[in-house]
Amino acid sequence: MKIAVSAAGPDAGAPAEERFGRCAYFILFDEQGNLLEVINNKGAASAEGAGIKTTQVLLRHNVDVVLTGRVGPKAMTALSNAGVAVYTGVSGTVAQTLDKYREGLLVPVTEPNARQHSGVKESGRVVK
Amino acid sequence: MIISVASGKGGTGKTTIATNIALALSADNRRVAYIDCDVEEPNGHIFLNPEIEDTREIFIEVPRINDEKCTYCGKCADLCAFGALLCTTDSVITFSEFCHGCGGCQYFCPVEAITPVPKKIGKVEKGAAGDIKFARGCLEVGAALSPPLVDAVKSRVTSDITVLDAPPGTSCPVIHTVRGTDFCLLVTEPTPFGLNDLDLAVQMVRTLSVPCGVLINRAHHGSRLIEQYCQREQLPVLQTIPHSKRIAEAYSRGLPMIELDKQLENDFLQLYRDIEELVANERNNHN
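Residue numbers (my numbering), protein chains in the order written: chain S, 1 to 128; chain B, 129 to 415.
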């Protein structure tokens, strides 16, 4: 089983990222908590459908579980159709988030908990 | 002659101006068509009261995956810029609501596993308001794709003079309206918001290489904001319509402003003649 954590930076010490579709990196672990791989999320740059593109990236890496913060409606549809389990409630670093998941402290979700495009505003592309 | 009426900002009076140009020209015995390209919220009919004679449904083609042929290579999903396809190990999921109908997935599928199927995005209604030919597009509720519908409504009617009423803003549906027209009349109002959005619209129209001019609506004394900008940008200010309670009242009753007085009707005819002259000059400069 492969677990992906949305991350702001390319290592396990980086802060876990709340956004799913627009997040820059995913850090992949196995069930024992060993770091397998760091993925640069190409889906984040997508003009439309970042949630679906990001799901596609995770599927390419055969991810079974994703730990993140907020999942929009398109992303949720894509993830559940593809059979990826989603847990939200990330906090602290990527490593701390993984520990919480392994302790059973993260919440599995099946419904979106963010509005469409809500990740765009925080990526710095929209000027406040 | 095809004139598009656009504005970066909503609520500046595009529809008022576009319908009044059409009415003034028609009253002057010119053959004119008015086309409402604001397919998300068409409202030109309120001022023109057309009789709708013909309705046609508009479709785009979205992909359907043939599971017997599909190898789940994922090429279609990688190619789609809008995330309309998701390839898993044993299926391709289509999100047809995001599909723009470009047909790229079908074209590039190595095993011909994709068949296009029609999906309704809206309808085009055609008719007449007196001697004015009329058409409007109505986007299907829940559909998010105005550009193909704008193209469809644009192509349904022609006349000696065609006035296209663009949607607000500067995004795809507006570009599809303005592109290929002989002239774009930009309607604005003398406020900082009006100026900001006018500037965006001017950049868009210049990118499309469509000649343009400005009409200042709801003008009041003391504000030279738009004039100063137009001078700097070397844009002609073709007409100024004052901020007037009488015009606002007529608008709220759905009455065209040229019915208020003959002078306004003449102003709109003059506006058209000025546009004609600008377009002629532009053509001479290019030849």
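For every residue, glycine included, the Cβ atom is placed at its ideal position computed from N, Cα and C.
(request) Compute the distance between the beta-carbons of residue 310 of chain B and residue 131 of chain B, then report whether it is under 8 Å. (result) Their beta carbons are under 8 Å apart, which means residue 310 of chain B touches residue 131 of chain B by this criterion.
(message) Helix, strand or coil, according to DSSP, for residue 237 of chain B in the structure here?
(response) Under the three-state reduction of DSSP output, residue 237 of chain B falls in the coil class, being neither helix nor strand.
(message) Less than 8 Å between the beta carbons of residue 7 of chain S and residue 23 of chain S, yes or no?
(response) Cβ distance < 8 Å, so residue 7 of chain S and residue 23 of chain S count as in contact.
(message) So, under 8 Å CB-CB, residue 152 of chain B and residue 386 of chain B are touching, yes? Tell me the CB distance rounded to an integer number of Å.
(response) Yes, residue 152 of chain B and residue 386 of chain B are in contact; Cβ-Cβ is about 5 Å, under 8 Å.
(request) Determine the DSSP secondary structure at residue 151 of chain B, reduced to helix, strand or coil. (result) Correct three-state label for residue 151 of chain B: helix.
(request) Starting from residue 410 of chain B, follow the beta strand (DSSP E) in both directions and report where the run begins and ends. (result) Note, residue 410 of chain B: premise wrong, no beta strand (DSSP E); alpha helix (DSSP H) at 390-414.
(request) Could you tell me the distance, in whole angstroms, from the CA atom of residue 140 of chain B to the CA atom of residue 369 of chain B? (result) The alpha-carbon atoms of residue 140 of chain B and residue 369 of chain B are separated by roughly 11 Å.
(request) Rank B/165, B/357, B/305 by C-alpha distance to the C-alpha of residue 341 of chain B and give the top, closest one. (result) Considering only alpha carbons, the answer is B/357.
(message) So, with DSSP's three-state summary, where would you put residue 262 of chain B?
(response) Strand at residue 262 of chain B.
(request) Using a Cβ-Cβ cut-off of less than 7 Å, give me the residues of the segment 223-249 of chain B that come near chain S, in sequence order. (result) Residues passing the 7 Å Cβ filter: 223, 226.
(request) On a CA-only basis, which of B/316, B/319, B/275, B/315 is nearest residue 303 of chain B? Give me that one, please. (result) Residue 303 of chain B has its Cα closest to that of B/275, out of B/316, B/319, B/275, B/315.
(message) Taking the beta carbon of residue 124 of chain S as the centre, do at least 16 other beta carbons fall within 10 Å, making it buried, or is it exposed?
(response) Low confidence applies here, because residue 124 of chain S scores a pLDDT of 42, under 50, leaving its location unreliable; read the following figure in that light. That one is exposed.
(message) Quick check: what's the CA-CA separation for residue 284 of chain B versus residue 50 of chain S?
(response) Taking the straight line from one Cα to the other gives about 35 Å.
(request) Check residue 209 of chain B in the structure and name its three-state DSSP category. (result) Three-state result, residue 209 of chain B: coil.
(message) Excluding the 5 residues flanking residue 170 of chain B on each side, which residues of the same chain have their C-beta closer than 6 Å to its C-beta?
(response) Residues 164, 264 of the same chain have their beta carbon placed closer than 6 Å to that of residue 170 of chain B, with the five preceding and five following residues left out of the count.
(request) Compute the Euclidean distance between the alpha carbons of residue 320 of chain B and residue 353 of chain B, then round it to the nearest angstrom. (result) So the alpha carbons of these two residues sit roughly 8 Å apart.
(request) Report yes or no: do three or more beta-carbon pairs, one from the segment 9-23 of chain S and one from the segment 41-56 of chain S, lie closer than 8 Å? (result) Counting Cβ pairs under 8 Å, three or more are found: they touch.
(message) Taking the straight line between their C-alpha atoms, what separation do you get for residue 71 of chain S and residue 147 of chain B?
(response) Cα-Cα distance, rounded: 45 Å.
(message) So, under 8 Å CB-CB, residue 16 of chain S and residue 97 of chain S are touching, yes? Tell me the CB distance rounded to an integer number of Å.
(response) Distance from residue 16 of chain S to residue 97 of chain S at the Cβ level is roughly 4 Å; contact confirmed, criterion being Cβ atoms closer than 8 Å.
(request) Can you say whether residue 36 of chain S is buried or exposed, counting buried as having 16 or more other CB atoms within 10 angstroms of its CB? (result) Residue 36 of chain S is exposed by the Cβ-count criterion.
(request) For the beta strand (DSSP E) holding residue 250 of chain B, just list the boundary residues, first then last. (result) 242-257 is the extent of the beta strand (DSSP E) around residue 250 of chain B.
(request) May I have the straight-line CA-CA distance separating residue 295 of chain B from residue 167 of chain B, to the nearest angstrom? (result) In a straight line, the C-alpha of residue 295 of chain B is about 7 Å away from that of residue 167 of chain B.
(message) Below 8 Å on the Cβ atoms is my contact criterion, and I expect residue 242 of chain B with residue 191 of chain B to pass it. Report the Cβ-Cβ distance as a whole number of Å.
(response) Their Cβ separation, rounded to whole angstroms, is 5 Å, which keeps residue 242 of chain B and residue 191 of chain B in contact under 8 Å.
(request) Locate the beta strand (DSSP E) running through residue 143 of chain S, then write down its first and last residues. (result) This structure leaves residue 143 of chain S out entirely; chain S is present only between 1 and 128.
(request) Starting from residue 59 of chain S, find everything on chain B with Cβ-Cβ shorter than 8 Å and list it in chain order. (result) What residue 59 of chain S touches in chain B: 214, 215, 216, 217.
(request) Take residue 129 of chain B and list the residues in its own chain whose beta-carbon comes closer than 6 Å to its own, dropping the five residues that flank it on each side. (result) Counting only residues of its own chain and dropping the five nearest sequence neighbours on each side, residue 129 of chain B has a CB closer than 6 Å to the CB of 289, 310.
(request) Tell me, please, whether the CB atom of residue 271 of chain B is closer than 8 Å to any CB atom in chain S? (result) Interface criterion not met: the Cβ of residue 271 of chain B is under 8 Å from no Cβ in chain S.
(message) DSSP has residue 130 of chain B in a bridge; who is on the other side?
(response) Residue 130 of chain B is bridged by DSSP to B/290.
(message) Just list the residues that DSSP pairs residue 184 of chain B with in beta bridges.
(response) Paired residue(s): B/252.
(request) Select from B/360, B/308, B/254, B/282 the residue whose C-alpha is nearest the C-alpha of residue 416 of chain B. (result) Residue 416 of chain B falls outside the range modelled here, since chain B spans only 129 to 415, and no answer is possible.
(message) Between the alpha carbons of residue 405 of chain B and residue 313 of chain B, how many angstroms are there, rounded?
(response) The alpha-carbon atoms of residue 405 of chain B and residue 313 of chain B are separated by roughly 14 Å.
(message) So, for residue 393 of chain B: in the same chain, excluding its five sequence neighbours on each side, which residues have a beta-carbon less than 7 Å away from its beta-carbon?
(response) Excluding positions up to five away in sequence, the list reads 152, 155, 386.
(request) With DSSP as the reference, label residue 328 of chain B as helix, strand or coil. (result) In the structure shown, residue 328 of chain B adopts helical secondary structure according to DSSP, grouped into three states.
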